[in-house]
Amino acid sequence: MSENGAATRKENSISRLQDHSVPYIDHLPETNSEEDSLRRSKEEVGLRIICLALVSMKGAGAADQFVHAGIEHYDVGDALSPLERRFLFDANATDHEKLQASWRTEAAHVLLWSVGLEASLSFPTTPCDWNALWELFHVGNRETFLKSLELRPQAELLDEADFIYRIHWAVREAGLRQKPMPSNLDAGVVMERHYALNWLTTHVLDDFGWDEVSTNT
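Numbering (the numbering used here), first residue to last: 5 to 221.
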């Protein structure tokens, strides 16, 4: 998308923020254009979904034996990030680490939407329904799952990335000023959604891996 297109995307996001009574600032910059953003393959996104599913399942209390069987069944050992690998193979992970990992369900939810397995992304006020993520483990093998995916147009991904970027600014501003979250936004949901969308649409020169994704506002 051209520079003018990125400006239009920003305007559309601000209009959506106004519809939900979310505060914003005009000088928050435009986000990546279609030309500048990385286009991930559906296979890459699919493998990331499986990794996030396994991480969040361990976080939610799934036994290590079950999680390790999932890694082997879907053959995703090489797709795990360094931090994910350390967590999944740590028999002594703390309750805090598990709680943090359970939030990855929200990132996986975004990626499920990006490949057409979720119809839409609701306004981020409540955590997602975990059912779609759990159902992932009833689709057969890795090849079957990856073949079933269809990545949405880059413009759709960028639209949501720009929108959540501006929402995240409002969430952080409320936190800094010790004010209530605007429009009942859930800060955890917003954070994970921003993380996943930034990974999906990162600048072509900034693909540093899952563990290094930035959510700056």
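Heads up, the beta-carbon is just placed ideally off N, CA and C, and yes, glycines get one too.
Asked                                                                                                                              : Found
Completely contained beta strand (DSSP E) runs for the region 183 to 214, where each covers 3 or more residues                     : none
Asn-145 to Asp-68 span [Cα, whole Å]                                                                                               : 20 Å
Under 8 Å between C-beta atoms of Glu-34 and Ala-64                                                                                : no
Range covered by the alpha helix (DSSP H) that runs through Arg-92                                                                 : For the record, residue 92 in the displayed sequence is Leu; it is not Arg. Its alpha helix (DSSP H) spans residues 86 to 92.
Contacts around Ser-218, its chain only, beta-carbon distance under 7 Å, and the 5 residues preceding and following it disregarded : Asn-202
Residue from Ala-174, Arg-44 and Tyr-199 whose Cα sits closest to the Cα of Thr-109                                                : Tyr-199
Outcome for Ala-159 when other beta-carbon atoms lying within 10 angstroms are tallied against a minimum of 16                     : exposed
As assigned by DSSP and simplified to three states, the class of Ser-124                                                           : coil
Range covered by the alpha helix (DSSP H) that runs through Asn-135                                                                : 135 to 139
Touching by the beta-carbon criterion (3+ pairs, under 8 Å), the region 147 to 154 and the region 86 to 93                         : no
Integer-rounded CB distance, given that Leu-189 should sit under 8 Å from Thr-129                                                  : 6 Å
Which listed residue (His-72, Pro-86 and Asn-220) has its alpha carbon closest to that of Trp-173                                  : Asn-220
Residues near Pro-131 by beta carbon distance below 8 Å, same chain, minus five either side                                        : Thr-109, Glu-110, Asp-190, Gly-192 and Val-193
Selected residue, minimal CA-CA separation from Leu-87, among Pro-186, Ser-45, Cys-55 and Pro-184                                  : Cys-55
Touch test, the region 17 to 32 against the region 168 to 186, Cβ-Cβ under 8 Å, three pairs minimum                                : yes
Assigned secondary structure, Arg-20 (DSSP; H/G/I helix, E/B strand, else coil)                                                    : helix
Thr-206 versus Ser-187: straight-line alpha-carbon distance, rounded                                                               : 28 Å
Candidates Arg-156, Ile-53 and Val-26, of which the one nearest Glu-139 by Cα                                                      : Ile-53
From Pro-184, Asp-82, Ala-178 and Leu-42, residue whose alpha carbon lies closest to that of Leu-209                               : Leu-42
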